[in-house]
Amino acid sequence: MSAQLTFYTNPMSRARVARWMLEETGLPYDTVVLDYGTTMKAPAFRAINPMGKVPALTHGDTVITENAAICMYLADLVPGKHLAPPVGSPARGPYYRWISFMGPLEQLMVAKSTGGPLAEPAMAGYGTEDDLVNTLEAAVKDRAHLAGDTFTAADLLVSAYIGWYLQFGLLPARPAFAQFAARHRERPAAQRANELDGPIPDRKPA
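Add 157 to a position in the sequence shown, counting from 1, and you land on the number used in this note's numbering.
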């Protein structure tokens, strides 16, 4: 791989997920730490991500934003690491499914964090809270992997978000959630990523 990878982040953000994925790949990358409200909103970074938010990844002239997209893109860069099931395999379906499922989960968790009433099920992308939480619990209960028999970006993304929202008290503390998050948090790449980013303050995310 000749093009340079550059990772734009703030360690007190969801960009920690992308950092973990970068560490799983073993690829060399540069890190640019941005500050909220200043360099993250400056013209130089908005030229990369007009949203003025992290994470963002550049690979040569290619720009990738959003944790799910970054994880899938990186997995495909290193096929020998088996961080994505082979194209055309049955495991590719659940791989896409559970990565995409983090979208509705994020909607619900952000809605809960505001303390206001949740949207009507017919209007909300996550349906009802019970349906979403129960579906996620059934997916991870007594399982090590979500897509096939090996660790993939789906396991990384789902376990990272479960751990994040357990920490902030937004997901119910069900044993299946705690076990799934803990299992993958012990991976060497996850440990390296946490050492690079440092501890997360015990507070709700802004």
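Even for Gly, the Cβ is constructed at its ideal location relative to N, Cα and C.
Query - Contact set for I205: own chain, Cβ-Cβ below 8 angstroms, skip 5 residues either direction - result: Translated into the one-based positions of the sequence shown, residue 205 becomes position 48. Once the five neighbours on either side are set aside, the close Cβ partners of I205 are Y165, A213, T215, V220.
**Report entry** V244 - containing alpha helix (DSSP H), residue span
**Finding:** The sequence position of residue 244 within the sequence shown is 87, counting from 1. Counting along the chain, V244 falls outside any alpha helix (DSSP H), and DSSP gives it neither H nor E.
Query raised in the report: Tell me, which residues are paired with V190 by DSSP?
Result: Taking the first residue of the sequence shown as 1, we reach residue 190 at position 33. Partner(s): T166.
Query - Residues bridged to L214 (per DSSP) - result: Your numbering for residue 214 matches position 57 in the sequence shown. The partner list for L214 (beta bridge, DSSP) reads F164, I221.
**Report entry** 8 angstroms Cβ cutoff met for V174 and A317
**Finding:** The count along the sequence shown starts at 1 and reaches residue 174 at position 17. The count along the sequence shown starts at 1 and reaches residue 317 at position 160. Cβ distance < 8 angstroms, so V174 and A317 count as in contact.
Report task. Answer with buried or exposed for V131, where buried requires no fewer than 16 other C-beta atoms within 10 angstroms of its C-beta. Result -> Outside the displayed range of the chain (158 to 363) lies residue 131, so it cannot be described from this structure.
Query - Given 8 angstroms, three or more beta-carbon pairs between the region 328-347 and the region 188-195 - result: no
**Report entry** Cutoff 6 angstroms; reference K198; Cβ partners in own chain excluding five residues on either side
**Finding:** Counting from one through the sequence shown, the residue named residue 198 turns up at place 41. So the qualifying residues of the chain are G209.
Query - For H341, the first and last residue of its enclosing alpha helix (DSSP H) - result: As a position in the sequence shown, residue 341 is number 184, starting the count at 1. It spans 332-342 - the alpha helix (DSSP H) in which H341 sits, taken as one unbroken run.
Report task. Assign R176 to one of two classes, buried (16 or more other C-beta atoms within 10 Å of its C-beta) or exposed (fewer than that). Result -> To locate residue 176, count along the sequence shown from 1; it is residue 19. Looking at its Cβ environment, which holds 16 or more other Cβ atoms inside 10 Å, R176 is buried.
Query - Cβ-Cβ distance between E286 and L303 below 8 angstroms - result: Position 129 of the sequence shown, counted from the first residue, corresponds to residue 286. Position 146 of the sequence shown, counted from the first residue, corresponds to residue 303. Against a cut-off of 8 angstroms, the Cβ pair of L303 and E286 comes out as no contact.
Query raised in the report: Touch check for the region 292-299 and the region 341-349: three-plus C-beta pairs under 8 angstroms?
Result: no
**Report entry** Classification of E181 by the beta-carbon crowding that lies within 10 angstroms, buried from 16 upward
**Finding:** Working through the sequence shown from its first residue, we reach residue 181 at position 24. Buried, because 16 or more other Cβ atoms sit within 10 Å of the Cβ of E181.
Requested in this report: Identify, in the order they occur along the chain, each residue of the same chain with its Cβ nearer than 8 angstroms to the Cβ of D299, setting aside the five sequence neighbours on each side.
Outcome: Translated into the one-based positions of the sequence shown, residue 299 becomes position 142. Within the same chain, D299 has close Cβ partners A333.
Query - Terminal residues of the alpha helix (DSSP H) in which Y322 lies - result: One-based indexing of the sequence shown puts residue 322 at position 165. It spans 310-324 - the alpha helix (DSSP H) in which Y322 sits, taken as one unbroken run.
Query raised in the report: Taking S257 as the reference, which of V315, M169, Q161 has the closest Cα?
Result: Working through the sequence shown from its first residue, we reach residue 257 at position 100. The option with the nearest alpha carbon to S257 is V315.
Report task. Please state if the CB of M259 and the CB of A310 are separated by a distance shorter than 8 angstroms. Result -> Numbered from 1 along the sequence shown, position 153 holds the residue referred to as residue 310. Numbered from 1 along the sequence shown, position 102 holds the residue referred to as residue 259. No, the Cβ-Cβ distance between A310 and M259 is not below 8 angstroms.
Requested in this report: Could you tell me if D233 is buried or exposed, where buried requires 16 or more neighbouring beta carbons within 10 angstroms of its beta carbon?
Outcome: For the purposes of this step, residue 233 is taken as the residue at position 76 of the sequence shown. Under this definition D233 is an exposed residue.
Query raised in the report: Where R203 and F337 are concerned, what is the direct C-alpha to C-alpha distance, given to the nearest angstrom?
Result: Here the question's residue 203 lines up with position 46 in the sequence shown. Here the question's residue 337 lines up with position 180 in the sequence shown. So the alpha carbons of these two residues sit roughly 36 angstroms apart.
Report task. Taking all protein chains shown into account, decide if A225 is buried (16 or more other Cβ within 10 angstroms of its Cβ) or exposed. Result -> Taking the first residue of the sequence shown as position 1, residue 225 is located at position 68. So A225 counts as buried.
Query raised in the report: Between which two residues does the alpha helix (DSSP H) containing T182 stretch?
Result: Looking up residue 182 in the sequence shown gives position 25. Where T182 is concerned, the enclosing alpha helix (DSSP H) stretches over 172-182.
Requested in this report: Thinking G355 and P168 are a contact (beta carbons under 8 angstroms), I'd like their distance in whole angstroms, please.
Outcome: Mapped onto the sequence shown, residue 355 falls at position 198. Mapped onto the sequence shown, residue 168 falls at position 11. Sure, about 6 angstroms apart at Cβ, within 8 angstroms.
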